[in-house]
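Here is the structure we will look at, set down as structure tokens.
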Amino acid sequence: MRQFEQSVYELIVETSTNLPGDVRRAVKRGTLAENQATRAGLALSTIKTNIKMAEEQISPICQDTGMPTFIVHTPVGANQIEMKKGILAAIQRATKEGKLRPNSVDSLTGENSGDNLGPGTPVIHFEQWEENVVDIRLILKGGGCENKNIQYSLPTELEALGRAGRDLDGIRKCILHAIYQAQGQGCSAGFIGVGIGGDRTTGYELAKQQLFRSTEDVNPVEELRQLEEYIMDNANKLGIGTMGFGGEVTLLGCKIGAANRLPASFFVSVAYNCWAFRRQGIAIDPASGEIMNWLYERGSEVAIEDNESAVAAAAEAAPKANQEVILHTPVTEEQIRSLRVGDVVVIKGEMHTGRDALHKYLMDHDAPVDLNGAVIYHCGPVMLKDEQGWHVKAAGPTTSIREEPYQGDIIKKFGIRAVIGKGGMGKKTLAALKEHGGVYLNAIGGAAQYYAECIKKVNGVDFMEFGIPEAMWHLEVDGFAAIVTMDSHGESLHEDVEKSSLEKLAAFKEPVFK
């Protein structure tokens, strides 16, 4: 079983750090379809850079390595108990070595187990089959895109689309609405798996199972093949774009499956996955425990860039922002008031990470450091410690909307001038930015290596009792770039894109499938 554990460890590392070949080709197709001289074009270029950096450095593509979910098919007579022990040991090792972020949190106490083990984590599904091989597939689906999963019970009324009935056309409307509601919060451009039927639980399982399909396969069910093609042809017309910046590329893949249901129930379940579509699989020799072959094309076999000239052309075509402003922390109100939506900000100095636990705490307590003029980064990094101290292994932004109940009050209370995250925030935060003089900066979701490169030193940490992702890290940065998407003048790019995409969604109200 020692070799089996090693094989699973290699699977985990490959899945976390090296985007598979079919997904890379989907990202490349998306890049070609997008206008490079836009914010979305810049985001896609950054994404491609991050994919290459993660592969070269063997570090997580995205800092949120999600809920590890294994699908394991075993020969008759295989010892699944011992296999589970090997999987758990491999998870612990990968977490200790910084290939996975510690993501297993007690739902009652909030305590992080620190090793990704605990009741319900990781998720392991065993199933026997008559093949003489162990087939293990793993998906790492982060919390940002997991939170944009959605389930519909038909018939239902959908904004802009009207009634979705219990038929193929009702399913079509649900899928389009699911893409619309994700906006940029799920790190678009994304992939979706759709499950039609089942019950509440199995519908979501069926949807997630679709994400294990190759992005390039053809659905054997004719009606579902047509529906997949229709969604791919039309979803990008919503204009949501990469990171929700607006643009031509919102969806990179759509896979749909169907299961029988109860007469009284008709569920359409959608599993949304970010561009960092991390899933891989291995076939293991049941006798030796060694890897026989990889089940998806490995990313190292598919170049994310065609050639050096393509890289140079992309850089030349990158959007020229309204202005590019260098901000040294702490930041003044005057500097913030001069910024407008669309400006690129480059930060130098100290910034502080803060997520759900910290925001809740700061509502009723003082901060451990002076936050007047400070920059707060919505980020749960992957960190490793050695004799020299703490090191940042991955540090992309988390979805900001979770902090909406707190952010406006905390901006006012502590004098924070800039908030960095992804996906935008709501009206309460926008009002606080206008009143106090602050901005929201959208970083590129999933670009964990790209941003880790900008962090030059860890100055300190508070609230380690919250766990590594939720602790307050004090980071010295240089060259940390992000785009102003909510400014101190009441303007919000996210609000504009959502309104525009809702209007475009209404164009799909009329029936298509009879």
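First residue of the sequence shown: 1452, per this note's numbering; consecutive thereafter.
Heads up, the beta-carbon is just placed ideally off N, CA and C, and yes, glycines get one too.
Which same chain residues end up closer than 7 angstroms to residue i when comparing Cβ atoms and leaving out the 5 residues on each side of it in sequence?
i	result
V1935	L1790, R1791, V1792, G1793, D1794, V1796, V1890, L1892
G1571	none
I1798	L1778, T1780, V1826, V1928, F1931
G1654	Q1602, G1646, G1648, F1718, S1720
I1733	S1458, L1462, I1587, I1742, W1745, L1746
K1879	E1855, G1859
Given that a residue counts as buried once 16 or more other Cβ atoms are within 10 Å of its Cβ, and exposed if not, what is residue i?
i	result
A1958	exposed
K1836	exposed
P1770	At P1770, the pLDDT of 42 sits below 50, so the modelled position is not reliable and the matter cannot be decided from this model.
E1767	At E1767, the pLDDT of 49 sits below 50, so the modelled position is not reliable and the matter cannot be decided from this model.
A1845	buried
S1760	Note that S1760 has pLDDT 44, beneath the 50 cutoff, so the model's placement of it is unreliable and the number below is only indicative. Counting Cβ neighbours within 10 Å, S1760 comes out exposed, since fewer than 16 surround it.
A1534	This sequence places Met at residue 1534; Ala is not what is there. M1534 should be labelled buried.
K1706	buried
G1613	exposed
Q1514	buried
T1652	exposed
L1713	exposed
Counting only the same chain and skipping the five closest in sequence on each side, list residues whose C-beta sits under 6 angstroms from that of residue i.
i	result
L1495	T1482, E1485, T1693
T1520	V1574, I1590
A1611	L1953, L1956, A1957
F1642	L1703, G1704, N1724, F1728
E1854	H1810
N1685	none
T1466	L1589, L1591, R1729, Q1731
C1625	Y1603, A1615, V1719
A1633	K1599, Y1723
R1868	V1782, I1787, G1824, G1889
For a quick check, are the C-beta atoms of residue i and residue j less than 8 angstroms apart?
i	j	result
G1831	P1962	no
K1499	V1474	no
A1932	G1847	no
F1964	I1735	no
A1541	V1645	no
R1730	L1662	yes
G1750	E1506	yes
K1863	C1638	no
L1619	E1548	no
A1808	G1595	no
E1748	P1511	no
Q1636	T1849	no
T1516	N1554	yes
L1559	Y1631	no
A1640	T1701	yes
T1497	I1895	yes
Between which two residues does the beta strand (DSSP E) containing residue i stretch?
i	result
W1891	A small correction: the amino acid at residue 1891 is Tyr; Trp does not occupy that position in the sequence shown. Note, Y1891: beta strand (DSSP E), 1890 to 1893.
F1717	No beta strand (DSSP E) contains F1717, which DSSP labels as neither H nor E.
V1753	Unbroken run through V1753: none, as it is neither H nor E.
E1610	Where E1610 is concerned, there is no enclosing beta strand (DSSP E), given that its DSSP letter is neither H nor E.
Starting from residue i, trace the alpha helix (DSSP H) in both directions and tell me its first and last residue.
i	result
S1943	Premise fails: S1943 is in no alpha helix (DSSP H) and is neither H nor E.
E1507	1490 to 1508
T1652	1651 to 1661
S1458	1453 to 1468
C1596	1594 to 1597
E1679	1673 to 1685
R1544	1531 to 1547
H1887	1878 to 1887
I need the straight-line Cα distance from residue i to residue j, nearest angstrom please.
i	j	result
T1966	V1782	Coverage of the chain is limited to positions 1452 through 1965, which leaves residue 1966 absent and any answer about it impossible.
H1940	F1696	19 angstroms
G1740	G1537	11 angstroms
G1840	N1910	10 angstroms
E1938	A1883	Per the sequence presented here, residue 1938 reads as Asp, with Glu not at that position. Near 10 angstroms, if we compare the C-alpha coordinates of A1883 and D1938.
E1942	K1885	9 angstroms
S1951	V1672	34 angstroms
I'd like to confirm something about residue i: is its beta-carbon nearer than 7 angstroms to some heavy atom of the ligand GTP, or not?
i	result
I1798	Within the structure as shown, the ligand GTP is missing, as the structure has no ligands at all.
Under 8 angstroms Cβ to Cβ from residue i, same chain only, skipping five residues before and after it: list those, please.
i	result
V1464	I1509, A1545, K1550
Q1531	V1523, T1525, F1577
M1915	A1922
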